[in-house]
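FYI, in the working numbering the residues of the sequence shown are 220 to 319.
Where a beta carbon is used, it is the ideal one built from N, C-alpha and C, also for glycine.
All values reported here derive from a predicted model rather than from experimental measurement.
Structure first, then comments.
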Amino acid sequence: MDMVQQILKGFQRILGLSLHFLEKGMDFQEFEERLWETMNSVGKDILRVVLEAKDEEIHRERDRNAFQVVRRSDQRTILTLFGDVTYRRTYYRKKNTREY
């Protein structure tokens, strides 16, 4: 549910900016630039939240007899269409071969 709340916050930011444009008469070019920045920021937030939720799902559903946690909540940054996204992930190692 935390994921849904974070995504909704992003859309609320976009809605707030749009209402500000309509009510306060912001010039269109400024609105367009701020909207682009806000949507990129929201896109990055959504990607981070989804990646961390997937990591948590993998952690819960992994075969505990075959894999052990090596590092939990290690930060990683990837380049996306929205820009750099930093998220937390878990690393695992196979118990029998010690491979990652």
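Simplified DSSP state of residue i, which is helix, strand or coil
i: residue 185; result: As shown, the chain starts at 220 and ends at 319. That puts residue 185 outside it, with no answer to give.
i: residue 254; result: helix
i: residue 262; result: helix
i: residue 298; result: strand
i: residue 307; result: strand
i: residue 293; result: strand
Counterpart residues of residue i in DSSP-defined beta bridges
i: residue 225; result: In DSSP, residue 225 forms no bridge with anything.
i: residue 312; result: 287
From the options, residue whose alpha carbon lies closest to that of residue i
i: residue 309; options: 273, 299, 243 and 225; result: 273
i: residue 287; options: 231, 252, 278 and 294; result: 278
Residue i CB to nearest heavy atom of the ligand SAM below 7 Å
i: residue 272; result: Looking for the ligand SAM in the displayed structure turns up nothing, as the structure carries no ligands at all.
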